[in-house]
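S.K.:
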Amino acid sequence: MPQASGDNNASNTNKDDNNASIGQMADAAGIIDNSGAPDVPGTPKTPKTPKMPKTDESQANDSSEETRRELNDMRQSQLSHVLYWRFFVNIALACCDAAMFLIGGATVSNLRGETGPFWSVRFHLWVSDSVFLVITSCLWVWCLYRLGVYHRHVMGDGYRLNMKLFFSAVQCGLALCALVFLLDLRITLVNLILIVLAGFALTLLERLISRLYITRTRRHGAYAYATVLVGSPKGMAKTLRFLDRRQQLNYRTVALCPVRLNEETGLIEADRDVKTLQELILDKWPELKVIEYSEHGLAETFVREQIQTVMVTDVFRRFSDNFNIFSVRMESLGLEIALISSAADIAGHETQVRSIQGTTIVTYRLPQYSMKTRIVKRLFDLVVSSLAIVLSLIITLPVAIAIKLTDGGPVFYTQKRIGLRGKPFRMIKFRSMVVNADALKAKLAAETGQKDRFIFKMKDDPRITKVGHFIRRFSIDELPQFLNVWMGDMSVVGPRPPLPEEYARYNRVYATRMLVKPGITGPWQVSGRSDLSAEQSEALDVSYVQDWSISGDINLMFRTVSAVLSHKGAY
């Protein structure tokens, strides 16, 4: 797998002197600050007491409820602020677009004397000219939306915007012709074409004025996206100079995260060459904060610093585990990933490419982590879990009675599992084992040589009861987990929820599976279940996190039915 080597300007002869800890050098020199909310370049700044934020693992891995609530509140506050003004701008633009089409259509109709009402031969009704123009205006806005005209990276790009407007006009014209044919309206084709052309021309003029206004407000720092640069000092310095020249792009650099590639291990690590960072960047931009890179907790630190965009300048390379894991962790907390393509090849499901003055910026998104997709998935989970809870009562009630009559023990078995971003929850299942099953697990693991494995599996587990064998064979024991889905702890489809001791032993690759909610079913369920090794199960879960989609979830649900009926790996 190809790896990228970052620029490292540290001197090899004086390495010990130059590569002192960033925190120590910052405290001594007074150049690095990380307290309070991020500043936006171009606004008045006051001197601050230099401090270096630390993302040590003890803080990053703190799974306390207070820390999780704090991060969630910060993220929701940032997202709500961004989404509010973005929604307002889009609504305003859509209303202006519709108004331009209405004005253009009304002008053409009045000049040509075709003011309606128009008779529908097919449905024997009159359609007034005002109703017709409102319908055409709504159709115009819909065509603009379909072609991505309201995307924030398109609104400021003149060429791309004009091309999208042109193709929207073509689509709208064809749709209007189809509508007139369907209703069999008495309106001429020439009038239709002129209405579309007039609406297109006025929208072009309106968008030109809107773009000039947006560009001017962005130059003054309005609606700025707080951005952190991640890369080598040389790469970050080059990007800073470019962003300073193009402030209308709306990226406002507020922090730096210097990194380098360790040639021996092939891993990305913090670049502690403070001297080079000082010479190339901090002497010119002393207001920028420096955040030390860490494999754990970096995304959480960015959220605490109210950062919205993570711009990678170099070092990371395409298809590498380093970039794959880094991007998933950033996107899981709602942070946008942007890359300078001259320094790093990119791969992703969704990209926005802009070429500006010889420099190409590619905005990279994992679509599965967008707010819209998360809402759709949650609604999907609520609908499926509600139906499953009601429809499964005919099965769950007799099973509950049978479990109770077997040994008089509890019907349900709850176990502590680890969910989204390391949050523990109690998973509910029908009890399929003896009451003291957990106490016997360590002994059986030692006897079967599975003491050091992630997942304990035993084909003929003596702890399973007679009723337990039956409900496990048909996965009936997992039906109560739909309650976990309904409560929001789990999803219908997702990775297997790990035990706390399993989660504690995850390496940095396996840990990415915790960036989504665990599921009742998943790739491991349809690919062999208990017949798979622990490593195979974890690899499938990691792949699911990286490639997740709603259509993929639906496909896995249908495959689960086949897997359950075949009883493969069910023990």
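One point on numbering: in the UniProt record's numbering, the residue at position 169 of the sequence shown is 169, and numbering is uninterrupted.
Cβ coordinates follow ideal geometry from the N, Cα and C atoms, glycine included.
Predicted model, so just to flag it, every value in this text is computed and none were measured.
(1) Going by other Cβ atoms of all chains shown within 10 Å of its Cβ, with 16 needed for buried, is Ala-563 buried or exposed?
(2) Does DSSP put Ser-120 in a helix, in a strand, or in coil?
(3) I'd like to confirm the pairing. Which residues does DSSP put opposite Pro-258 in its beta bridges?
(4) Taking a contact to mean a Cβ-Cβ separation below 8 Å, would you say Arg-496 touches Val-526 in this structure?
(5) Which partner residues of Gln-415 appear in the DSSP bridge assignment?
(6) Using CA atoms only, rank isn't needed, just tell me which of Arg-272, Lys-284, Asp-283, Gly-334 is closest to Thr-301.
(7) For a test of the three-state rule: what should DSSP assign to Ala-442, helix, strand or coil?
(8) Beta-carbon within less than 7 Å of Lys-404's beta-carbon, same chain only, minus the 5 sequence neighbours each way: which residues are those?
(9) Distance, Cα to Cα, Leu-420 vs Met-514?
(10) Alpha carbon to alpha carbon, how far is Arg-472 from Asn-436?
(11) Against chain D, with Cβ distances strictly below 8 Å, would Phe-181 count as a contact?
(12) Taking just the CA atoms, how far does Arg-211 sit from Leu-133?
(13) By the 10 Å Cβ neighbour count, where 16 or more other Cβ atoms means buried, how is Gly-519 classified, buried or exposed?
(14) Confirm, please, whether the CB-CB distance from Val-259 to Val-230 is below 8 Å.
(15) Starting from the Cα of His-469, find the closest Cα among Tyr-503, Gly-494, Ser-432, Glu-478 and give me that residue.
(16) Note down the Cα distance separating Asn-90 from Tyr-150, rounded to an integer number of angstroms.
(17) Within 10 angstroms of its Cβ, does Pro-498 collect 16 or more other Cβ (buried), or is it exposed?
(18) By the DSSP assignment, the beta strand (DSSP E) with Thr-309 in it spans what residues?
(19) Identify the continuous alpha helix (DSSP H) that holds Ser-137 and give its terminal residues.
(20) How long is the line joining the alpha carbons of Asn-324 and Phe-430, rounded to whole angstroms?
(21) Can you round the beta-carbon distance between Ser-491 and Asp-407 to whole angstroms, since I take them to be within the 8 Å contact cut?
(22) Quick check on the DSSP output: the beta strand (DSSP E) that includes Ala-338 runs from which residue to which?
(23) From Lys-48 to Ala-255, what distance separates their C-alpha atoms?
(24) Count the other C-beta atoms from every protein chain shown that fall within 10 angstroms of the C-beta of Met-163, then say buried if there are 16 or more, exposed otherwise.
(25) Can you tell me which residues form a DSSP beta bridge with Trp-285?
(26) If you drop the 5 nearest sequence neighbours on each side, which residues of the same chain put their C-beta closer than 7 Å to that of Lys-517?
(27) In whole angstroms, what is the alpha-carbon distance linking Glu-263 and Ala-270?
(28) CB Thr-239 to CB Leu-176, shorter than 8 Å?
(29) In terms of alpha-carbon separation, which member of Leu-282, Gln-171, Val-315, Glu-206 lies closest to Gly-104?
(30) Does DSSP put Ala-37 in a helix, in a strand, or in coil?
(31) Would Ile-307 and Ala-226 qualify as a contact pair, given that the criterion is a beta-carbon distance under 8 Å?
(32) I'd like to know whether the C-beta atoms of Asp-97 and Val-141 end up nearer to each other than 8 Å.
(33) Taking only the alpha-carbon atoms, compute the straight-line gap between Gln-481 and Ile-428 and give it to the nearest angstrom.
(34) Within a Cβ cutoff of 7 Å, which residues of the same chain sit near Leu-565, ignoring the five residues on either side of it in sequence?
(35) Return the CA-CA distance between Ser-551 and Lys-377, expressed in angstroms with no decimal places.
(36) Between the C-alpha atoms of Val-485 and Leu-540, what's the straight-line distance to the nearest angstrom?
M.R.: In short, the structure shows the following:
(1) Per the 10 Å Cβ criterion, buried.
(2) In the structure shown, Ser-120 sits in a strand (DSSP, three-state: E or B).
(3) Under the DSSP definition of a beta bridge, Pro-258 partners with Gly-231.
(4) In this structure, Val-526 does not lie closer than 8 Å to Arg-496 by Cβ.
(5) According to DSSP, which records beta bridges pairwise, Gln-415 is partnered with Met-427.
(6) Selected option, being the one with the closest Cα: Gly-334.
(7) Helix, per DSSP.
(8) Within the same chain, Lys-404 has close Cβ partners Val-411.
(9) If I take the Cα positions, the gap works out to 5 Å.
(10) When rounded, the distance between both Cα atoms is 18 Å.
(11) Among the protein chains of the structure shown there is no chain D, as only one such chain exists.
(12) The alpha-carbon atoms of Leu-133 and Arg-211 are separated by roughly 26 Å.
(13) When all chains shown are included, Gly-519 counts as buried.
(14) Yes, the pair counts as a contact, with Cβ atoms nearer than the cut-off.
(15) Sorting Tyr-503, Gly-494, Ser-432, Glu-478 by C-alpha distance to the C-alpha of His-469 places Ser-432 at the top.
(16) In this structure, the straight-line span from the alpha carbon of Asn-90 to that of Tyr-150 is close to 6 Å.
(17) With 16 or more other Cβ atoms from the protein chains shown falling within 10 Å of its own Cβ, Pro-498 counts as buried.
(18) 309-312 is the extent of the beta strand (DSSP E) around Thr-309.
(19) Unbroken alpha helix (DSSP H) run through Ser-137: 129-146.
(20) It is roughly 37 Å from the alpha-carbon of Asn-324 to the alpha-carbon of Phe-430.
(21) About 32 Å; that fails the 8 Å criterion.
(22) Ala-338 -> beta strand (DSSP E) spans 336-340.
(23) Because the pLDDT of Lys-48 is 40, which lies under 50, any placement of that residue in the model is unreliable, and the number read from its coordinates should be weighed accordingly. The alpha-carbon atoms of Lys-48 and Ala-255 are separated by roughly 15 Å.
(24) Met-163 should be labelled exposed.
(25) The partner list for Trp-285 (beta bridge, DSSP) is empty, contrary to what the question assumes.
(26) Here the set comprises Gly-419, Leu-420, Met-490, Ser-491, Gly-494.
(27) Distance between the alpha carbons of Glu-263 and Ala-270 is about 13 Å.
(28) No, they are not a contact pair.
(29) Its Cα nearest to that of Gly-104, the residue Glu-206 stands out among Leu-282, Gln-171, Val-315, Glu-206.
(30) Any reading at Ala-37 needs caution, since the residue's pLDDT is 38, under 50, leaving its predicted position unreliable; the model's value is listed next. Residue state, collapsed to three classes: coil.
(31) Cβ atoms of Ile-307 and Ala-226: closer than 8 Å.
(32) Their beta carbons are under 8 Å apart, which means Asp-97 touches Val-141 by this criterion.
(33) One alpha carbon belongs to Gln-481, the other to Ile-428, and they sit about 5 Å apart.
(34) Nothing meets the Cβ criterion.
(35) The straight-line gap from Cα to Cα measures roughly 10 Å.
(36) Cα to Cα, Val-485 sits roughly 21 Å from Leu-540.
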